[in-house]
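A.B. asks:
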Amino acid sequence: METESVRMESSVWLGNKRQRALLSGWRFSWTELDKKNRDKTTVSVPVSEVVAVQEGQVEILPQKKVKDTERDFTLFYVKRSKTSGGKGPLWSLGRSQFSCPSRDLRDQWVTQLRIALKTHCPSRPHRLLVFINPYGGKKKAQQIYHSTVAPLFELAGISSHVVVTERANQARDHILKKDLIGFDGVICVGGDGMFSELLHGVIGRTQQEAGISEHDPSAMLQPCDLHIGIIPAGSTDCVCFATVGVNDPVTSALHIVIGDSQPLDVCSVHHRSTLARYSVSLVGYGFYGDVLAESERHRWMGPLRYDYSGCLVYLCNRSYQGIVQYLPVDSQITSPRDNSRCLSGCKVCSESTERLFHRSESCSSLYSRQLGQYSIESEGEWVSVEGRFRCVYLTCMSSSCPRSPKGLSPSAHLADGTGDLILVRNTNPLGFLTYLHRHTTTQDQFDLPFVEVHRVRAARFCFSPGEEEDDEDHLKESHNITAGALGDPETAREGDEESGRLGSQQCLAGKQRDQGIKEDGRKKRDYLCGLCSNKQSAASVWNCDGEILPYNEISCRVHGQLVRLFARGIEDDAGSGKYREGNRNCKGRCFLHS
Ligand SMILES: CCCCCCCCCCCCC/C=C/[C@@H](O)[C@H](COP(=O)(O)O)NC(=O)CCCCC
Ligand SMILES: Nc1ncnc2c1ncn2[C@@H]1O[C@H](COP(=O)(O)OP(=O)(O)O)[C@@H](O)[C@H]1O
Ligand SMILES: [Ca+2]
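Read left to right, the sequence shown gives residues 1 to 594 (full-length UniProt numbering).
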């Protein structure tokens, strides 16, 4: 139904400069006028990026201050500033205080702007459930939320229920079990591990409600309506970086406030007919599994633990024997080496929306037709590769992060229903170092003779178990893994206090902690001896979005656009400042292009 569009125009003052303010349809603009009434500069803000309109002269930071001058109103909106190195723009809160010739006119402006907001932004969140992990990253999540994010939510009229977590998996269990009526989204303030908790909660709950078994690898999972927001306060913050373009709490909070919506592919990981976990960024064996396992022993280092562990594991020079099978997507149609980049309003992803959900006649491009429905049972299409690998991994998106600004697969798409499978065969230490180093530069990390990359819809992996390590109990022991941290759906859902990555460490206090450190020292030596020995048959573990999975065999399947984030993908330079209608307003699954 067409909504009547609001229009209003008048003269106003911004400081001592006279302006012509104009609200027309979905834009509000003000143009500075010179003494002869000629136009000078114009500032134009899309209504969908207006955060709030308030009477008087209002400031919210560092503290809320209101001077209720009867002819003034204050407009808060999204302001962008450029960043370098292919990142997205930083968003901040713009504020302009307008003075009107009369109180009457001021009231009219406030009313009309608020009507425009209601008309053009019907899908903004009003009530949010926020989970803060006080121990993630540099342990600043609570401070970040209260000083930076909460004032923005309050300004935008969003009410929030805040839960500061006391144990791992609390957020996931809360989403799975508690009443969520009235909430328009769930937010995590933390890292990729916290995001993963929300992801599991939201997907699990949606499948429960739809009566779908998550353990069935061939089940078509039900897409989730509840949006997830991420305020980055962790160590890698890859999901935030790859979907927003920067790791900045204010930018993320503003995407949430204006109700942006970004669909995201999710990979389900199964082990022997049981769902092991979901992943969006990394399901990796070998190097990335070893780095994660090693890093858990150095959590006290904060985010630096990954760099330290990365160096240790690199020096150990390990490789693993295994078989990888994958269901490829036609490389003539879409390729991880096409040098494209999935940006805000991505055409490939929007065509996939049609293919995945509507399958309409209009969806007739070659890409959409070729990627039509498939069956993971169609054995004939599977490709098999056997060998010794430094690492193998699957990612549903670019997985860019500050450590690797282009990411694990720079041309991967957030929402195209496929993942990129990277196979790094055994090579000499210098070759592998070159490969790792290219993640941090603009050089093509796939242009190396021992690296293969394939765009896939599903993959299966089977790695040879270690000589004496053919049972998972041994693996768990040698990697010092607790039951809940294994992502065992049954154990983990009980929500026991010891489960999860920080669980066992944060619970240690006083004497117990000292004992823990000694114990940790011993296990570390044992672990490194095992890791660096020449016993090439020993097994690694899986790094599944930062969670350890100690299995030799897993199967993975990509579920296109299974969840939605309060984000819009990475805006390129040309797109910054250029308006793209918030796609959440489309109500269904649709994109609008800038
Ligand atoms: C020796 C230096 C090697 C440099 C290579 C750089 C490669 C960076 C790859 C980044 C991987 C991104 C995938 C994201 C994984 C996260 O889910 C996971 C958990 O994050 P968090 O919850 O915030 O702790 N992070 C990792 O597994 C870190 C891998 C780092 C490998 C060096
Ligand atoms: N209160 C808590 N105590 C211990 N662990 C927690 C708590 N809250 C969350 N966790 C767990 O901590 C892990 C790491 O958290 P995350 O916020 O991702 O930080 P980081 O990015 O530093 O790893 C997550 O897997 C999460 O399940
Ligand atoms: Ca994808």
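Glycine included, C-beta positions come from ideal geometry on N, C-alpha and C.
Within the region 301 to 362, note down every full alpha helix (DSSP H) run reaching 4 residues or more, in order along the chain.
C.D. replies: Fully enclosed alpha helix (DSSP H) runs of 4 or longer: 305 to 316, 347 to 353.
A.B. asks: Quick one: is proline 62 buried, meaning 16 or more other Cβ sit within 10 Å of its Cβ, or exposed?
C.D. replies: Counting from 1 along the sequence shown, the entry for residue 62 is found at position 62. Proline 62 is exposed by the Cβ-count criterion.
A.B. asks: Would you list the residues sitting across from glutamate 97 in a DSSP beta bridge?
C.D. replies: Taking the sequence shown and counting its residues from 1, one reaches residue 97 at position 97. Here residue 97 is glutamine; the residue named in the question, glutamate, does not match the sequence. Beta-bridge pairing links glutamine 97 to Thr74.
A.B. asks: Quick check on the DSSP output: the alpha helix (DSSP H) that includes tryptophan 109 runs from which residue to which?
C.D. replies: Reading the sequence shown from its first residue, position 109 is the one you call residue 109. Unbroken alpha helix (DSSP H) run through tryptophan 109: 103 to 120.
A.B. asks: Rounded to whole angstroms, what's the CA-CA distance from proline 328 to glycine 193? Just pull it up for me.
C.D. replies: Locating residue 328 in the sequence shown gives position 328, where the first residue counts as 1. Locating residue 193 in the sequence shown gives position 193, where the first residue counts as 1. Between proline 328 and glycine 193, the C-alpha separation is close to 29 Å.
A.B. asks: Name, in chain order, the residues that DSSP records as bridge partners for tryptophan 91.
C.D. replies: As a first step, residue 91 must be located in the sequence shown, where it is residue number 91. The partner list for tryptophan 91 (beta bridge, DSSP) reads Arg80.
A.B. asks: How many Å lie between asparagine 534 and leucine 408 at the Cα?
C.D. replies: Here the question's residue 534 lines up with position 534 in the sequence shown. Here the question's residue 408 lines up with position 408 in the sequence shown. Here the model assigns asparagine 534 a pLDDT of 43, short of 50, so the residue's position is not dependable, and the following value carries that caveat. When rounded, the distance between both Cα atoms is 28 Å.
A.B. asks: So, does the region 260 to 275 touch the region 554 to 564, judging by three or more C-beta pairs under 8 Å?
C.D. replies: Yes: at least three Cβ pairs fall under 8 Å.
A.B. asks: What distance in whole Å lies between the Cβ atoms of glycine 546 and threonine 236, which are believed to be in contact at a cut-off of 8 Å?
C.D. replies: For the purposes of this step, residue 236 is identified with residue 236 of the sequence shown, where counting begins at 1. For the purposes of this step, residue 546 is identified with residue 546 of the sequence shown, where counting begins at 1. 7 Å between Cβ atoms; contact.
A.B. asks: Below 6 Å CB to CB, which residues in the same chain sit around isoleucine 323 once its five sequence neighbours on both sides are set aside?
C.D. replies: Translated into the one-based positions of the sequence shown, residue 323 becomes position 323. If we look at isoleucine 323 and ignore the five residues flanking it on each side, its Cβ neighbours are Glu386, Cys462.
A.B. asks: If we ignore side chains and look at the alpha-carbon of each, how far apart do leucine 90 and cysteine 556 end up?
C.D. replies: For the purposes of this step, residue 90 is taken as the residue at position 90 of the sequence shown. For the purposes of this step, residue 556 is taken as the residue at position 556 of the sequence shown. Using only the alpha carbons, I get a separation of about 35 Å.
A.B. asks: Who are the Cβ neighbours of glutamine 170 in its own chain at under 6 Å, not counting the five residues just before and after it?
C.D. replies: Position 170 of the sequence shown, counted from the start, is the residue given in the question as residue 170. Answer for glutamine 170: no residue qualifies.
A.B. asks: Work out the CA separation of alanine 141 and valine 58 for me, nearest whole Å.
C.D. replies: What you label residue 58 is simply residue 58 of the sequence shown in a count that begins at 1. What you label residue 141 is simply residue 141 of the sequence shown in a count that begins at 1. Near 27 Å, if we compare the C-alpha coordinates of alanine 141 and valine 58.
A.B. asks: For threonine 427, which three-state DSSP category applies?
C.D. replies: Start at 1 with the first residue of the sequence shown, and residue 427 comes out as number 427. It is coil, neither helix nor strand.
A.B. asks: To the nearest angstrom, how far is it from the Cα of glycine 85 to the Cα of threonine 441?
C.D. replies: Here the question's residue 85 lines up with position 85 in the sequence shown. Here the question's residue 441 lines up with position 441 in the sequence shown. Their backbone Cα atoms lie some 10 Å apart in a straight line.
A.B. asks: Quickly, what does DSSP pair glutamate 553 with across the bridge? List them, please.
C.D. replies: What you label residue 553 is simply residue 553 of the sequence shown in a count that begins at 1. According to DSSP, which records beta bridges pairwise, glutamate 553 is partnered with Cys462.
A.B. asks: Given 8 Å as the limit, is there contact between the region 147 to 160 and the region 120 to 136, that is, 3 or more CB pairs closer than that?
C.D. replies: Segments in contact, yes.
A.B. asks: Using only the alpha-carbon positions, how far apart do leucine 117 and tryptophan 109 sit?
C.D. replies: If you number the sequence shown from 1, residue 117 lands on position 117. If you number the sequence shown from 1, residue 109 lands on position 109. One C-alpha to the other measures close to 12 Å.
A.B. asks: Thinking C-beta only, is arginine 95 closer than 8 Å to phenylalanine 76?
C.D. replies: Along the sequence shown, read from residue 1 onward, the residue named residue 76 stands at position 76. Along the sequence shown, read from residue 1 onward, the residue named residue 95 stands at position 95. A contact, by the Cβ cut-off of 8 Å.
A.B. asks: In whole angstroms, give me the CA-to-CA distance for glycine 582 and isoleucine 230.
C.D. replies: In the sequence shown, residue 582 corresponds to position 582, counting from 1. In the sequence shown, residue 230 corresponds to position 230, counting from 1. Its pLDDT being 36, under 50, glycine 582 is placed unreliably in this model, and the value from its coordinates should be taken loosely. For glycine 582 and isoleucine 230, the distance between alpha carbons rounds to 18 Å.
A.B. asks: Could you check if serine 147 belongs to the surroundings of ligand 1, using beta carbon to heavy atom distance under 7 Å?
C.D. replies: The residue you call residue 147 lines up with position 147 of the sequence shown. Incorrect: serine 147 has no Cβ contact closer than 7 Å to ligand 1.
A.B. asks: Specify the secondary structure class of proline 263 as computed by DSSP and reduced to three states.
C.D. replies: As a working mapping, residue 263 is identified with position 263 in the sequence shown. Three-state result, proline 263: strand.
A.B. asks: Does threonine 31 come out as helix, strand or coil in the three-state DSSP assignment?
C.D. replies: Walking along the sequence shown from the start, residue 31 turns up at place 31. In the structure shown, threonine 31 sits in a strand (DSSP, three-state: E or B).
A.B. asks: Going by DSSP, name the residue or residues bridged to tyrosine 278.
C.D. replies: What you label residue 278 is simply residue 278 of the sequence shown in a count that begins at 1. Paired residue(s): Ser268.
A.B. asks: Any idea if aspartate 72 is buried or exposed, counting beta-carbon neighbours within 10 angstroms, 16 or more meaning buried?
C.D. replies: The residue you call residue 72 lines up with position 72 of the sequence shown. It is buried - the Cβ of aspartate 72 has at least 16 other Cβ atoms within 10 Å.
A.B. asks: By how many angstroms is the C-alpha of proline 249 removed from the C-alpha of histidine 255?
C.D. replies: Here the question's residue 255 lines up with position 255 in the sequence shown. Here the question's residue 249 lines up with position 249 in the sequence shown. The alpha-carbon atoms of histidine 255 and proline 249 are separated by roughly 10 Å.
A.B. asks: To the nearest angstrom, how far is the alpha carbon of histidine 174 from that of lysine 40?
C.D. replies: Taking the sequence shown and counting its residues from 1, one reaches residue 174 at position 174. Taking the sequence shown and counting its residues from 1, one reaches residue 40 at position 40. Cα to Cα, the separation comes out at about 54 Å.
A.B. asks: Going by DSSP, name the residue or residues bridged to lysine 67.
C.D. replies: The residue labelled residue 67 in the question sits at position 67 within the sequence shown. According to DSSP, lysine 67 bridges with Gln57.
A.B. asks: Quick one: grab the DSSP three-state call for valine 51.
C.D. replies: Counting from one through the sequence shown, the residue named residue 51 turns up at place 51. If DSSP states are grouped into helix, strand and coil, valine 51 belongs with the strands.
A.B. asks: For tyrosine 308, is the beta carbon positioned less than 7 Å from some heavy atom of ligand 2?
C.D. replies: Position 308 of the sequence shown, counting from 1, holds the residue named residue 308. Checking every heavy atom of ligand 2 against the Cβ of tyrosine 308, none is found closer than 7 Å.
A.B. asks: Look at cysteine 391 and phenylalanine 241 and say whether their C-beta atoms are less than 8 Å apart.
C.D. replies: Taking the first residue of the sequence shown as position 1, residue 391 is located at position 391. Taking the first residue of the sequence shown as position 1, residue 241 is located at position 241. Cβ distance not < 8 Å, so cysteine 391 and phenylalanine 241 don't count as in contact.
A.B. asks: What residue from Glu55, Ala538, Asn339, Ile144 has the CA that sits closest to glutamine 112's CA?
C.D. replies: Residue mapping note: residue 112 aligns to position 112 of the sequence shown, counting from 1. Glutamine 112 has its Cα closest to that of Glu55, out of Glu55, Ala538, Asn339, Ile144.
A.B. asks: Going along the chain, which residues of its own chain have a beta-carbon closer than 6 Å to the beta-carbon of glycine 289, five neighbours each way excluded?
C.D. replies: Within the sequence shown, residue 289 is the residue found at index 289, counting from 1. Contacts found: Ser540, Val541, Trp542, Asn543.
A.B. asks: Would you call threonine 42 buried or exposed, if buried means 16 or more other Cβ atoms sit within 10 Å of its Cβ?
C.D. replies: Taking the sequence shown and counting its residues from 1, one reaches residue 42 at position 42. So threonine 42 counts as exposed.
A.B. asks: Look at the Cβ atom of tyrosine 320, then the Cβ atom of leucine 421, and state whether they are nearer than 8 Å.
C.D. replies: Within the sequence shown, numbered from 1, the residue matching residue 320 stands at position 320. Within the sequence shown, numbered from 1, the residue matching residue 421 stands at position 421. Not closer than 8 Å, so no.
A.B. asks: Check whether the Cβ of alanine 293 sits closer than 7 Å to any heavy atom of ligand 2, and report yes or no.
C.D. replies: Taking the first residue of the sequence shown as 1, we reach residue 293 at position 293. Checking every heavy atom of ligand 2 against the Cβ of alanine 293, none is found closer than 7 Å.
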